Amino acid sequence: MTEGLTPVAAFEDRFREMLDGDTYENAAARIGISRASVGAYATGTRSPKRPVLMAMAHAYHVNPLWLLGYDVPKYKEVPASGGDLSDMQKQLMARITTLSDDEVRAVRAIVDQVLSLREGKPDQAPPESD
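Letter 10 of the sequence shown, counting from 1, is numbered 262 in my numbering, and no numbers are missing.
Structure below.
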């Protein structure tokens, strides 16, 4: 899976970047591990096994290979129609890919409402096209 990939960073550096100021307590709750484990991963005294690595990547919506320090995109690439996506849009798209169909429909309804408000038509959301 990592053949041909170049490691460019240490796991603990990527782990701390992934946390982006999140507390160890909150990170532990999001990932499903102990606060002590979060501290050990952040300082490099411990390396995660695959299931924990995947839980970390899923909880923070990052590419597990990026988290391991490889030279790959931080977020899952999402094809963009009409141009490239900003980093914030990529983060949002990566998170959306983890949602259930019902959750995606709820997010879509919110986005439709925001767009209709922006267009000055608060009572007219675009029709569903599924």
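Beta carbons are placed, not taken as given, at the ideal position from N, Cα and C, and that holds for glycine. Just so we're clear, the structure is a prediction, and the values are computed from it rather than from any experiment.
When you compare the CB positions of ALA309 and ASN315, do they come within less than 8 Å of one another, or not? The residue given as residue 309 occupies position 57 in the sequence shown. The residue given as residue 315 occupies position 63 in the sequence shown. Result yes, Cβ atoms of ALA309 and ASN315 sit closer than 8 Å.
Does DSSP put PRO259 in a helix, a strand or coil? Counting from one through the sequence shown, the residue named residue 259 turns up at place 7. PRO259: strand per DSSP, three-state reduction.
Taking Cβ positions, are HIS313 and ARG347 nearer each other than 8 Å? As a working mapping, residue 313 is identified with position 61 in the sequence shown. As a working mapping, residue 347 is identified with position 95 in the sequence shown. Cβ distance < 8 Å, so HIS313 and ARG347 count as in contact.
Taking all protein chains shown into account, decide if VAL290 is buried (16 or more other Cβ within 10 angstroms of its Cβ) or exposed. In the sequence shown, the residue the question calls residue 290 occupies position 38. Label assigned to VAL290: buried.
Among all the DSSP beta bridges, which residues are the ones paired with TYR322? Counting from 1 along the sequence shown, the entry for residue 322 is found at position 70. Answer is PRO259.
6 Å CB neighbourhood of ALA248 in its chain, flanking five on each side removed: Outside the shown range of the chain (253 to 382) lies residue 248, about which nothing can therefore be said.
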